[in-house]
Amino acid sequence: MDLAFTKEEQAFREEVRSFFRDNVPPDTRRKLVEGRHLSKDEMVTWWRILNKKGWGVSHWPKQYGGTGWTSVQHYIFNEELQSYPAPQPLAFGVSMVGPVIYTFGNEEQKKQYLPRIANVDDWWCQGFSEPGSGSDLASLKTKAERRGDKWIINGQKTWTTLAQHADMIFCLCRTDPSAKKQMGISFIVFSMKSKGVTVRPIQTIDGGAEVNEVFFDDVEVPIENLIGEENKGWDYAKFLLGNERTGIARVGVSKERLRRIRDLASKVESGGKPIIQDAAFRDKLAACEIELKALELTQLRVVADESKHGKGKPNPASSVLKIKGSEIQQTTTELLMEVIGPFAAPYDVHGDDGSNEAMDWTAQIAPSYFNNRKVSIYGGSNEIQRNIIAKAVLGL
Amino acid sequence: MDFDLNEEQRLLKESIDGLLTDSYDFESRKKYMKEKGGWSKAVWGKLAEQGLLGLPFSEADGGFGGGGVETMIVMEALGKALVLEPYLATVVIGGGFLRHAGSDAQKAAHVPGIVDGSKTLAFAQLEKNSRYDLFDVTTTAKKKGEGWVIDGEKFVVLNGENADTLIVTARTRGERRDKSGIGVFLVPANAKGLTKKSYPTQDGLHAADITFTGVEVGADAALGNPDDSLALIERVVDEARIALCAEAVGLMDESLKTTVEYIKTRKQFGVPIGTFQSLQHRAADMFVATEQARSMSMFATMAGDFEDAKERSNAVAAAKVQIGKSLKFVGQQAIQLHGGIGMTMEAKIGHYFKRLTMIENSFGDTDYHQRRVADGGGLI
């Protein structure tokens, strides 16, 4: 057992860190620190900088543009990216559909889609959830019927993140209505610009509109847009969801936020002195930091295990990452609420122009607290995660 | 970065797990508890035979040169089997003081007896009002000739009833809560002026309250600097905390395993109660708590070797917090999921719960260590 990173790994961390320092646009970083939404342009600009450096799709196989890094290097890269902070690569393209295409797609599809995913020439969104299919995803109803050389798609998806920016969607569609739930589903990709696709924003409790409803009304899709085999879509969906095990803990994100809390808590006063001097507050902050330390170590155990023994058999500890990671993210936003106190209330009257610098940092704290309730719901709710532990780990 | 055990460590784990599987089932434990002093000389002898009592000592001192990871492996195994024998008091704490501060003569006098199993030790540190502060010492050691005269009272001294030698913290100068002026002394258990009141503890171990009235010891009794040994005490107590974290992980592992087995077999409403989602989620949360505790136990083990004492104690404090929170949850839920049977002395789960509970209140509880981390400027 050994906690230390090797010299090479430490040098790698320095390299990554200095690249971020020199290349992340300062305004993009500031907005992330303040919990603001980024524009499409801001995100794409950064991702193209990353792609130019060769780090846009770092975990892909080398032949498709990946880096060939070790699990530990990926871990370091992610941690530095999250804690700098800089925008993480667009998961829907890079972590979700990309690996499905290079694993199950044909050569034509690989050639057509992969470089465009890497450079975010296409913005991808995810067509999984439906109004009646949340945790019970396999009950989905969106239909794809074969007509000549086309799929005709009808139905509705929901919670489609950033679909307002999207050029492409990967979609789970029912292609065999007579088959058992999981069996008749196919994985089909198509343009969001197709005739019959309608995107309607859903306003969330934080006032933002990062999710959408997407409607399909007789959308015509070329037959060759099926990925892999017909009616095997559920397998690909499971592959996709199981792919990102370690990033999900978002240790770097929580670290960055805890640093911010400490910083703000030494400026905001309570009882005539900075709130950081209040013992009860400090105890809560310490409690959260300790939980995060434990999570970081759990994540390192998983990473070290993968690095040494490959990704074949997931380490049982990996199922801890989503549950604790989301809980800690939520705790950090609660602590920010506590620091800001009565100034949580004003709605975002200052806009994004920094017109009132003195108050600027407070504007997004309550929305961020509201918004972060999502992290224990998405990606398989924490209750679903507990079902998984009970069945897969404890054998209940 | 590597969290795997090496080949030798795997063998060590196999050997102690094997030994305890053979000689430490729950029924045997009940018998050992009834022996004089509350533990088994025969089992202690077996631990000595396998070299486990000499594990952390250097080869020059007659030991096997094991490090923190080796102690972690042993303590986890001892926790898993709910072992009563005084490994913590004798090998981890007593051995720790001798290794870090013992003179050649002191080591020669005490280490061989520890390694061969013929001698055990006890750490007399806690005082009536000291609670968890190691520097809160009123017991005095006054210079007399070349030696010292010790006066004071120590409480809940684990293995105090059986130990051949006591390791006593006492003040050679200064006021009650001064950080300097504290020494550590080796005192024979049969010294004149020393009286003991022995009793079983809640978790089935044995302890004693010990009064020192004009107990005279020689010049060779002081371990380290008799006027300034707080740093030494903190180091050894950190090692004790690290060992307790590992023991707690073993206890939690076994508590979770026992509970999952129970809810798979216990039937109500015609089905195993483990098919109910509310119980499944509780068990899943016990798993999460146990894994987080395991991560911090490993962290603490590695922190034991940190050069910087402040960094070390901060990490150990953080680990003790996580272990304290996890063990409370796992212990309480293990009883809850067992239902009525969990409330009985007859079932083993309650005994795991009791040992876990006592670990939380040993050498600083969760609040105490959380405050230490908070006052130390945090962890991030």
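Line order of the protein sequences matches chains A and B.
Using my numbering, you'd call the opening residue of the first sequence number 2 and step up by one each time.
Using my numbering, you'd call the opening residue of the second sequence number 10 and step up by one each time.
Beta carbons are placed, not taken as given, at the ideal position from N, Cα and C, and that holds for glycine.
Everything numeric in this text was worked out from a predicted model, so none of it was measured.
What does a CB cutoff of less than 7 angstroms around residue i pick up in its chain, not counting 5 residues either side in sequence?
{"i": "A:Val212", "result": "Trp160, Thr161, Thr162, Ile203, Thr205"}
{"i": "A:Arg251", "result": "Gln83, Gly326, Gln330"}
{"i": "B:Glu369", "result": "Gly333, Leu336, Lys337, Thr375"}
{"i": "A:Gly248", "result": "Asn79"}
{"i": "A:Asp219", "result": "Ile153, Asn155, Gly197"}
Quick one: Cα of residue i to Cα of residue j, how far?
{"i": "A:Ala412", "j": "B:Gly259", "result": "Any property of residue 412 of chain A remains undetermined from this structure, which presents chain A solely from 2 to 397."}
{"i": "A:Pro275", "j": "A:Leu265", "result": "9 angstroms"}
{"i": "B:Ala328", "j": "B:Ile251", "result": "8 angstroms"}
{"i": "B:Glu320", "j": "A:Gln300", "result": "21 angstroms"}
{"i": "B:Leu239", "j": "B:Ile176", "result": "14 angstroms"}
{"i": "A:Gln183", "j": "B:Tyr361", "result": "43 angstroms"}
{"i": "B:Lys334", "j": "B:Thr375", "result": "7 angstroms"}
{"i": "B:Val246", "j": "B:Gln211", "result": "22 angstroms"}
{"i": "A:Leu227", "j": "A:Thr176", "result": "11 angstroms"}
{"i": "A:Val303", "j": "A:Asn316", "result": "6 angstroms"}
{"i": "B:Asp31", "j": "B:Phe315", "result": "37 angstroms"}
{"i": "B:Glu184", "j": "B:Thr149", "result": "10 angstroms"}
{"i": "B:Ala292", "j": "B:Glu300", "result": "12 angstroms"}
{"i": "B:Glu17", "j": "A:Ser369", "result": "50 angstroms"}
{"i": "B:Val414", "j": "B:Val330", "result": "In the structure as shown, chain B starts at 10 and stops at 389, and residue 414 of chain B therefore has no counterpart that could be examined."}
{"i": "B:Asp262", "j": "B:Thr366", "result": "15 angstroms"}
{"i": "A:Lys111", "j": "A:Tyr237", "result": "16 angstroms"}
{"i": "B:Pro197", "j": "B:Lys205", "result": "13 angstroms"}
{"i": "B:Asp317", "j": "A:Val394", "result": "38 angstroms"}
{"i": "A:Pro463", "j": "A:Trp48", "result": "With chain A represented from 2 up to 397, any question about residue 463 of chain A goes unanswered, as that position is not in the structure."}
{"i": "A:Glu399", "j": "A:Val215", "result": "Outside the displayed span of chain A (2 to 397) sits residue 399 of chain A, for which this structure offers no information."}
{"i": "A:Arg18", "j": "A:Gln278", "result": "32 angstroms"}
In terms of alpha-carbon separation, which member of the options lies closest to residue i?
{"i": "B:Asp173", "options": "B:Ile123, B:Leu214, B:Ala257", "result": "B:Ile123"}
{"i": "A:Glu15", "options": "A:Tyr85, A:Arg49, A:Gln64, A:Met44", "result": "A:Tyr85"}
{"i": "A:Asp42", "options": "A:Gly94, A:Gly253, A:Asp122", "result": "A:Asp122"}
{"i": "A:Thr334", "options": "A:Lys314, A:Ile324, A:Leu322, A:Val376", "result": "A:Val376"}
{"i": "A:Ala346", "options": "A:Phe371, A:Thr332, A:Lys323, A:Glu328", "result": "A:Phe371"}
{"i": "A:Glu339", "options": "A:Ala391, A:Gly381, A:Ile389, A:Ala281", "result": "A:Ala281"}
{"i": "B:Met42", "options": "B:Leu61, B:Leu56, B:Leu91, B:Gly103", "result": "B:Leu91"}
{"i": "A:Gly381", "options": "A:Leu397, A:Gly243, A:Glu230, A:Tyr65", "result": "A:Gly243"}
{"i": "B:Ile25", "options": "B:Phe35, B:Glu58, B:Phe12, B:Gly46", "result": "B:Glu58"}
{"i": "B:Gly169", "options": "B:Asp187, B:Thr181, B:Phe132", "result": "B:Phe132"}
{"i": "A:Gly185", "options": "A:Glu290, A:Ala92, A:Tyr103, A:Leu138", "result": "A:Leu138"}
What three-state label does DSSP hand residue i in the structure shown?
{"i": "A:Asp122", "result": "coil"}
{"i": "B:Ala172", "result": "coil"}
{"i": "A:Glu270", "result": "strand"}
{"i": "A:Met44", "result": "helix"}
{"i": "A:Leu82", "result": "helix"}
{"i": "B:Tyr208", "result": "strand"}
{"i": "A:Glu108", "result": "helix"}
{"i": "A:Glu221", "result": "strand"}
{"i": "B:Gly156", "result": "strand"}
{"i": "A:Lys312", "result": "coil"}
{"i": "B:Pro95", "result": "coil"}
{"i": "A:Phe371", "result": "helix"}
With which residues is residue i paired in a DSSP beta bridge?
{"i": "A:Gln399", "result": "Residue 399 of chain A lies beyond the residue range present for chain A, which begins at 2 and ends at 397; the question has no answer from this structure."}
{"i": "A:Thr199", "result": "A:Phe216"}
{"i": "B:Val193", "result": "B:Thr178, B:Leu232"}
{"i": "A:Phe191", "result": "A:Ile170"}
{"i": "A:Glu146", "result": "A:Ile153"}
{"i": "B:Glu162", "result": "B:Thr220"}
{"i": "A:Ile228", "result": "A:Phe188"}
{"i": "B:Val280", "result": "B:Gln277"}
Between which residues of its own chain and residue i is the CB-CB distance below 6 angstroms, once the five residues before and five after are set aside?
{"i": "A:Leu336", "result": "Ile262"}
{"i": "A:Val95", "result": "Val58"}
{"i": "A:Glu146", "result": "Ile153"}
{"i": "B:Lys116", "result": "Asp70, Leu107"}
{"i": "A:His166", "result": "Lys41, Trp124"}
{"i": "B:Ser139", "result": "Asp145"}
{"i": "A:Ile341", "result": "Thr363, Ile366"}
{"i": "A:Val98", "result": "Trp125, Phe171"}
{"i": "A:Phe344", "result": "Thr363"}
{"i": "B:Gly126", "result": "Trp53, Gly54, Ala57, Leu62"}
Less than 8 angstroms between C-beta atoms, sequence neighbours within five positions excluded: which residues of the same chain meet that for residue i?
{"i": "A:Val134", "result": "Sequence inspection shows Ser at residue 134 of chain A; the Val mentioned does not correspond to that position. Closer than 8 angstroms at the Cβ level, and outside the excluded window around A:Ser134, lie Ser140, Leu141, Lys142."}
{"i": "B:Ala343", "result": "Ser264, Leu265, Thr267, Thr268, Met295, Gly351, Ile358, Tyr361, Phe362"}
{"i": "B:Gln289", "result": "Gly283"}
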